Amino acid sequence: MGREEVAGQLEAVSRAFRTSAEQLRTEGQSSGPYVAKIGEQADRAARYLRERDAAALTEDASTFARAKPALFLGGCALAGFALGRFLTASPPRPETSAIERRAAQVPTPIDDGER
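Take a look at the structure:
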């Protein structure tokens with residue numbers, strides 16, 4: 016998944032948080048502003064990804080990791096957890112039947128040109 020795809024996903028997440036925040040506000044929930052803030056941060060992250068090239072992103076990540084190693088490692092762990100959840104939520108690959116597996120293992124005769 017490239018930068019554009021990730022930025023697009025972040026924008027979709029941002030829209031979902033803004034929609035949720037608006038609904039929470041209309042229901043009188045006090046958590047609305049917090050949810051809106053998360054949406055704003057997702058939108059900022061999407062803009063950041065779109066505006067920076069790969070070298071700048073790498074340099075920024077390296078600088079951040081040196082400045083705040085614990086926070087960087089925590090972010091990596093969180094990203095790994097999110098990736099794991101995404102992969103387990105993906106549809107499973109279709110299983111092959113026993114007949115298909117056996118057919119794949121049966122050697123085929125070599126045609127030596129004799130007939």
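The opening residue of the sequence shown carries number 16 in our numbering; numbering runs sequentially from there.
Beta carbons: idealized from backbone N, C-alpha and C, even for Gly.
This structure is a prediction, so every number in the text was calculated from the model and none was measured.
Cβ pair residue i, residue j closer than 8 Å
i, j, result
"Phe-87", "Phe-79", "yes"
"Leu-39", "Ser-29", "no"
Residue i versus residue j - alpha carbon distance
i, j, result
"Tyr-49", "Leu-72", "27 Å"
"Ser-35", "Gly-54", "9 Å"
"Ala-94", "Gly-43", "33 Å"
"Arg-62", "Gly-17", "14 Å"
"Arg-65", "Thr-41", "33 Å"
"Ala-60", "Ala-22", "8 Å"
"Glu-20", "Glu-26", "10 Å"
"Cys-91", "Glu-37", "31 Å"
Option in the options with minimal Cα separation from residue i
i, options, result
"Phe-32", "Gly-23, Glu-19, Ala-57", "Ala-57"
Span of the alpha helix (DSSP H) around residue i
i, result
"Asp-68", "Run containing Asp-68: none; DSSP gives neither H nor E here."
"Glu-26", "18-41"
"Pro-84", "84-104"
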